[in-house]
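Notes follow once the structure below has been shown.
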Amino acid sequence: RAEDALRQRAEALQEADRRKDEFLAMLAHELRNPLAPIANAVALLELVGSQEPQSEWARDVIGRQARQMSRLVDDLMEISRINRGKIRLQQTEVDMATIVARAAEVMQSMVQIHGHRLSTAVDGPSLWVRGDPIRLEQVLTNLLTNACKYTGGGGTIWLSAGRVDQRVFVSVRDTGVGISADLLPH
């Protein structure tokens with residue numbers, strides 16, 4: 005009986021896993037639908053052009069974030085690869101100074117909403133690495149989002165990048181409460 009119950013439980017888990025995969029694939033397909041009109045609207049705004057720096061900035065941010073969302077949706081569409089931990093990185097030569105600037109740009113409105121001050125510092129004119137620019141920007145944006153969430157109003161967040169020997173480093177610090185010592189191992 006125990007073996008039969010164990011087998012039935014394993015089959016039920018496999019079925020639940022299959023349904024989850026189907027749901028995520030359907031979700032990815034549905035998320036793709038609104039991305040096409042967003043990309044088209046950005047392309048139209050590029051054609052029309054604008055003399056206002058704020059409009060150009062907003063268009064560029066929307067376009068970049070729409071491309072990033074499209075890439076994330078593509079990852080969802082390849083659910084079997086995600087389940088195996090094989091997300092495809094599109095590595096190229098990337099200047100981390102550009103990634104830092106883009107992440108800071110994306111976060112400006114959230115920083116302002118929370119009444120924070122975001123300070124960026126890049127040590128050197130260029131910090132070239134081989135990496136996936138979208139994933140690197142995503143990592144920095146996630147770190148900055150957490151810093152905004154867990155830093156009290158009027159706090160300061162520092163984003164810096166530099167080189168030590170032959171390695172490039174990126175650092176995010178804030179005046180928030182931090183993670184308690186007992187939770188750090190987890």
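Residues in the sequence shown are numbered from 5 upward in steps of one, following my numbering.
Even for Gly, the Cβ is constructed at its ideal location relative to N, Cα and C.
According to DSSP, residue pairing for Gly-166 in a beta bridge involves Phe-173. When DSSP states are grouped into helix, strand and coil, Ile-183 belongs to the coil group. Closest option to Asp-78, judged by alpha-carbon separation, among Asp-99, Ala-105, Ala-29, Glu-109: Ala-29. In this structure the segment 142 to 151 lies against the segment 94 to 111, because at least three pairs of beta carbons, one per stretch, are closer than 8 Å. Going by beta carbons, Ser-164 and Ala-107 fall outside the 9 Å limit. Distance from the CA atom of Asp-169 to the CA atom of Glu-97, rounded to whole angstroms, is 19 Å. When DSSP reads this structure, Leu-122 sits in a beta bridge with Ile-161. For the 9 Å CB-CB criterion, Gly-166 and Phe-173 form a contact. Ala-43 places its beta carbon less than 9 Å from that of Arg-71. Boundaries cannot be given for Arg-92, as no alpha helix (DSSP H) includes it and DSSP labels it neither H nor E.
By the criterion of a C-beta distance shorter than 8 Å, Leu-35 is surrounded in its chain by Met-73, Val-77, Leu-80, once the five residues flanking it on both sides are discounted. In this structure Val-52 is exposed. Its beta-carbon is surrounded by fewer than 16 other beta-carbon atoms within 10 angstroms. In this structure Thr-160 touches Ser-123 by the C-beta definition: roughly 7 Å separates them, less than 8 Å. Proximity to Leu-49 across Pro-57, Arg-63, Gln-58, Arg-139 peaks at Arg-63, based on C-alpha coordinates.
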